[in-house]
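Read the structure below first, then the notes.
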């Protein structure tokens, strides 16, 4: 699940950034809407990336919970 979220988040923010930049270069109402849609897509991608980071941090144990390393016990 985490891998799928990583791929989805990356696609969302990259596509959102590209659409937003292209929309900024078009001087019509369509360009304005492309810019808005691109910004929203970009922010959704960043939010998904934040979820991925939170899941990754949650799955890792803190050093206190992990216990001593093998090298330190020898």
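Numbering (my numbering), first residue to last: 37 to 110. Even glycine gets a Cβ: it sits at the ideal position worked out from N, Cα and C.
Residue environment, residue i, which counts as buried when at least 16 other CB atoms sit within 10 Å
i          : result
residue 64 : exposed
residue 86 : exposed
residue 84 : buried
residue 70 : buried
Endpoints, the alpha helix (DSSP H) within which residue i is located
i          : result
residue 42 : 38-61
residue 64 : Element bounds for residue 64: n/a, residue is neither H nor E.
Cα-Cα separation, residue i to residue j
i           : j          : result
residue 49  : residue 95 : 24 angstroms
residue 82  : residue 62 : 24 angstroms
residue 115 : residue 51 : Residue numbering for the chain in the displayed model covers 37 to 110; residue 115 lies beyond these limits and cannot be assessed.
residue 53  : residue 74 : 6 angstroms
residue 89  : residue 76 : 20 angstroms
residue 91  : residue 40 : 13 angstroms
residue 58  : residue 72 : 11 angstroms
residue 46  : residue 93 : 18 angstroms
Same chain, Cβ closer than 7 angstroms to residue i, five either side skipped, listed in chain order
i          : result
residue 78 : 49, 52, 53 and 56
residue 42 : 88
residue 66 : none
Neighbourhood of residue i by C-beta distance below 6 angstroms, restricted to the same chain and skipping five residues each side
i          : result
residue 60 : 71
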